[in-house]
Amino acid sequence: MTIQEEIAAIVLTYLNNNDKGEKFTLKDILINTTPADFTGDYTIVLFPFIKKLRMKPDELAEAISTDLKSKLRAYQNHNLVKGFLNIELTPAFWSNSLGEVLNNDHFGFSKKGSKNKGIMVEYPSPNTNKPLHLGHLRNIFLGSSLANIMEANGYTVYRTCLYNDRGTNISKSMWAYQHASTKHTPENSGIKGDHIVGDYYVRFSDLYKAEIKELVETGLTEEQAKKQSKLEKEIAELTVQWELKLPEVVELWKTMNSWFYAGVRKTYERLDLHFDKEYYESEVYNRGRETVEEGLKKGIFYQKEDSSVWIDLTDAGLDQKLVLRSNGTTVYITQDIALVYQKQKDFNFQRSVYVVGNEQEYHFKVLFEILKRLGLKGSEHLHHLSYGMVELPTGKMKSREGTVVDADDILDEVVNIAKEKANEQGKLAEVSADEKEKIYESIGVGALRYFLLKVDPVKKMIYNPAESIDFNGNTAPFIQYIYARTQSLKRNAAAQQIEIVPFQEAIKN
RNA sequence: GGUCCGGUAGCUCAGCUGGAUAGAGCAACAGAUUUCUAAUCUGUAGGUCAUAGGUUCGAAUCCUAUCCGGAUCACCA
1 MTIQEEIAAI
11 VLTYLNNNDK
21 GEKFTLKDIL
31 INTTPADFTG
41 DYTIVLFPFI
51 KKLRMKPDEL
61 AEAISTDLKS
71 KLRAYQNHNL
81 VKGFLNIELT
91 PAFWSNSLGE
101 VLNNDHFGFS
111 KKGSKNKGIM
121 VEYPSPNTNK
131 PLHLGHLRNI
141 FLGSSLANIM
151 EANGYTVYRT
161 CLYNDRGTNI
171 SKSMWAYQHA
181 STKHTPENSG
191 IKGDHIVGDY
201 YVRFSDLYKA
211 EIKELVETGL
221 TEEQAKKQSK
231 LEKEIAELTV
241 QWELKLPEVV
251 ELWKTMNSWF
261 YAGVRKTYER
271 LDLHFDKEYY
281 ESEVYNRGRE
291 TVEEGLKKGI
301 FYQKEDSSVW
311 IDLTDAGLDQ
321 KLVLRSNGTT
331 VYITQDIALV
341 YQKQKDFNFQ
351 RSVYVVGNEQ
361 EYHFKVLFEI
371 LKRLGLKGSE
381 HLHHLSYGMV
391 ELPTGKMKSR
401 EGTVVDADDI
411 LDEVVNIAKE
421 KANEQGKLAE
431 VSADEKEKIY
441 ESIGVGALRY
451 FLLKVDPVKK
461 MIYNPAESID
471 FNGNTAPFIQ
481 YIYARTQSLK
491 RNAAAQQIEI
501 VPFQEAIKN
């Protein structure tokens, strides 16, 4: 029990002992830390009680503090300003609290798995057709911190990732590769695999843009042009060929995806990102049909004349949503439904968090509502950790327009800045080259991590690559620096045979 | 158009389960400090908390309306 809770409990008991018949709950009792300009440690706000109990502030304050004095060991003094009762605690209380922190290496951490509850965190779930960008970094830092925090609180955490490894996006990269005159591979070019796949994707986009432009110049509207596009048809065809498991298409798909994974794993490595299990859309994309059929029998879904299957969520403030196409194939949300059941089978978790950008808020609302109606156990503990986009000073990042900030580039850049700053200061002169690289990496990546986590997830944020990131003020390098200095103090103390004693003993002397 | 989210100092953001005089960092200005873990330190200035109403002892915080910005509303994923 914290000291605030202790005070609140005592005050509550006292208040409920009144003769006016008024009843209060813990929620009614507000205890704040006292602002610096006033004397005291904690402040009890008395206004609500004064009114209900029809007592004068000083009478009530006197009565409460007398009660506190007799029941709270840490009580030292009190004063009243308007309706604010400031409570001062004894120095012994504070020294004990500090001593507790000092002597406990695991202060603030629960024992691993002590909650006896599993929580799944799914992130960053990239597409396999292009390398990670700035937005993924925000996702990864959010997901990792959440997972770490839950673990520190005693949850068993399962980190998972779902790869969008099929469909039109990867087909575009594949098409560009098939039609390239000189074929680049990671081996013959030395380029990181995820970047090669991404380059082909960009190449396709360029050709596609050119084609549309040409068609529009013949007098078509953009919409008509897209319908007439030859490239679009070929991509659709390639996707169908993949679904029909045409050997050379499947082979190429496997190869290009393997390039992507090899590349992206290198980026993961720098970010210390590991998963308990990775899921692939190619393995789940046509699942969920059984679940839909069951739901159909139960009357949760309904079928239209063209035999497409829908769910009506209008009474929940949402729309009608398609879950099976008229040709019987599944859609995005159907596989997500199926995947939840699969994940529950794989890991018996109680809670699940999806770390996904806020553009998918509606999707998750619909998904969770459907799962609730299907009677999924624990469906009320599914959560979408939504976050805003990372934008550039010039506006949004658009991969089709090449205005994307690449994750690998940013990581290199911040590590480089860390290196320059460190060398400027000459602080690492006596450190081995190997050790230096590690330090640059941890300062640079740490700075970026802190920078991206500092902003409330719900807000979109602007990242200015030109200004890069701060190393002064409220930043990770500063915190790291303070830690380094305290460690240095301890080392120096030891070298000079100065003993560091617990705080309460120091106070006594 | 419906729904959801954001709008706080010049900039980037805290504060939002209602509580005392709205806080940081950066930038600006004034000063300190010659490198000793100084990747500094002290101080000054800077705000109609988008706007207008309402609720109340008390509103940046809750409610309503309006304005601005964004997201979303596919037989795409």
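The working numbering numbers the first residue of the first sequence as 1 and each following residue consecutively. C-beta: ideal position from N, C-alpha, C; glycine also. On a predicted model such as this, the values are computed, not experimentally measured, just so you know.
Could you give the DSSP three-state label for residue i: helix, strand or coil?
{"i": "threonine 330", "result": "strand"}
{"i": "serine 173", "result": "helix"}
{"i": "phenylalanine 260", "result": "helix"}
{"i": "phenylalanine 275", "result": "coil"}
{"i": "tyrosine 362", "result": "helix"}
{"i": "leucine 392", "result": "strand"}
{"i": "histidine 195", "result": "helix"}
{"i": "aspartate 19", "result": "coil"}
{"i": "isoleucine 498", "result": "coil"}
{"i": "glycine 99", "result": "helix"}
{"i": "threonine 13", "result": "helix"}
{"i": "aspartate 577", "result": "In the structure displayed, the chain extends from 1 to 509; residue 577 sits before or after that span and is not available."}
{"i": "glycine 108", "result": "coil"}
{"i": "glutamate 305", "result": "coil"}
{"i": "valine 121", "result": "strand"}
{"i": "isoleucine 50", "result": "helix"}
Do the CB positions of residue i and residue j come within less than 8 Å of each other?
{"i": "tyrosine 450", "j": "threonine 486", "result": "no"}
{"i": "glycine 40", "j": "asparagine 96", "result": "no"}
{"i": "aspartate 58", "j": "tyrosine 14", "result": "no"}
{"i": "threonine 156", "j": "glycine 108", "result": "no"}
{"i": "asparagine 129", "j": "isoleucine 170", "result": "yes"}
{"i": "isoleucine 311", "j": "lysine 298", "result": "no"}
{"i": "aspartate 194", "j": "proline 91", "result": "no"}
{"i": "isoleucine 50", "j": "glycine 83", "result": "yes"}
{"i": "isoleucine 443", "j": "proline 477", "result": "yes"}
{"i": "lysine 226", "j": "isoleucine 235", "result": "no"}
{"i": "tyrosine 208", "j": "serine 173", "result": "no"}
{"i": "alanine 422", "j": "isoleucine 410", "result": "no"}
{"i": "asparagine 257", "j": "aspartate 165", "result": "yes"}
{"i": "valine 405", "j": "leucine 142", "result": "no"}
{"i": "glutamine 228", "j": "leucine 215", "result": "yes"}
{"i": "glycine 288", "j": "glutamine 335", "result": "yes"}
{"i": "glutamine 120", "j": "phenylalanine 347", "result": "Position check: residue 120 holds methionine in this sequence, whereas glutamine was assumed. Going by C-beta atoms, methionine 120 is nearer than 8 Å to phenylalanine 347."}
{"i": "arginine 265", "j": "valine 445", "result": "no"}
What does a CB cutoff of less than 8 Å around residue i pick up in its chain, not counting 5 residues either side in sequence?
{"i": "arginine 325", "result": "Ser308, Val331"}
{"i": "leucine 371", "result": "Ile337, Val340, Ser379, Leu382"}
{"i": "phenylalanine 47", "result": "Gly83"}
{"i": "leucine 53", "result": "Leu15, Asn18, Lys20, Glu22, Leu60"}
{"i": "tyrosine 72", "result": "Note that residue 72 is leucine in the sequence shown, not tyrosine. For leucine 72, where only same-chain residues beyond five positions count, the Cβ hits under 8 Å are Glu6, Ile7, Ile10."}
{"i": "lysine 115", "result": "Asn153, Gly154, Tyr155, Thr156"}
Residues in its own chain within less than 7 Å of residue i by CB, not counting five upstream and five downstream?
{"i": "valine 11", "result": "Ile29, Ile44, Ile64"}
{"i": "serine 145", "result": "Leu453"}
{"i": "phenylalanine 471", "result": "Lys421, Ala447, Pro477"}
{"i": "valine 366", "result": "Leu313, Leu318, Lys321, Ile333"}
Quick check on this structure: which residue in the options has the alpha carbon closest to the alpha carbon of residue i?
{"i": "threonine 160", "options": "Ile417, Ala495, Pro124", "result": "Pro124"}
{"i": "tyrosine 280", "options": "Ser432, Gln342, Lys438, Leu207", "result": "Gln342"}
{"i": "glycine 135", "options": "Asp408, Lys226, Gln335", "result": "Asp408"}
{"i": "glycine 328", "options": "Trp242, Glu222, Glu293", "result": "Glu293"}
{"i": "valine 458", "options": "Gly219, Gln350, Val390, Ser205", "result": "Val390"}
{"i": "isoleucine 333", "options": "Thr314, Thr291, Asp346, Gln344", "result": "Thr291"}
{"i": "alanine 74", "options": "Glu88, Leu80, Gln335, Val81", "result": "Glu88"}
{"i": "valine 353", "options": "Leu162, Thr25, Ile3, Lys27", "result": "Leu162"}
{"i": "tyrosine 285", "options": "Leu271, Asp315, Met256, Thr239", "result": "Thr239"}
{"i": "asparagine 416", "options": "Val405, Val404, Glu437", "result": "Glu437"}
{"i": "glycine 113", "options": "Ala147, Ile482, Gln344", "result": "Ala147"}
{"i": "tyrosine 261", "options": "Asn32, Asn127, His106", "result": "Asn127"}
{"i": "threonine 168", "options": "Glu151, Ile479, Trp253", "result": "Trp253"}
Apart from the five residues on each side of it in sequence, which residues of its chain come closer than 6 Å, Cβ to Cβ, to residue i?
{"i": "serine 386", "result": "Asn358, Glu361"}
{"i": "arginine 203", "result": "Ala176"}
{"i": "proline 35", "result": "none"}
At what residues does the alpha helix (DSSP H) containing residue i begin and finish?
{"i": "leucine 288", "result": "As written in the sequence, residue 288 is glycine, which differs from the leucine given in the question. Per DSSP, glycine 288 belongs to no alpha helix (DSSP H) and is neither H nor E."}
{"i": "tyrosine 450", "result": "433-453"}
{"i": "serine 386", "result": "From DSSP, serine 386 is part of no alpha helix (DSSP H) but of the beta strand (DSSP E) over 382-387."}
{"i": "asparagine 139", "result": "134-152"}
{"i": "isoleucine 235", "result": "230-243"}
{"i": "asparagine 188", "result": "186-189"}
{"i": "glutamate 59", "result": "57-71"}
With residue i as the anchor, note down where its beta strand (DSSP E) starts and where it stops.
{"i": "glutamate 158", "result": "Before going on, a small fix: residue 158 reads as tyrosine here, not glutamate. Unbroken beta strand (DSSP E) run through tyrosine 158: 156-163."}
{"i": "valine 309", "result": "309-312"}
{"i": "arginine 351", "result": "351-357"}
Does any heavy atom of the ligand HEM sit closer than 7 Å to the C-beta of residue i?
{"i": "tyrosine 75", "result": "The ligand HEM is not among the ligands present in this structure, which contains no ligands whatsoever."}
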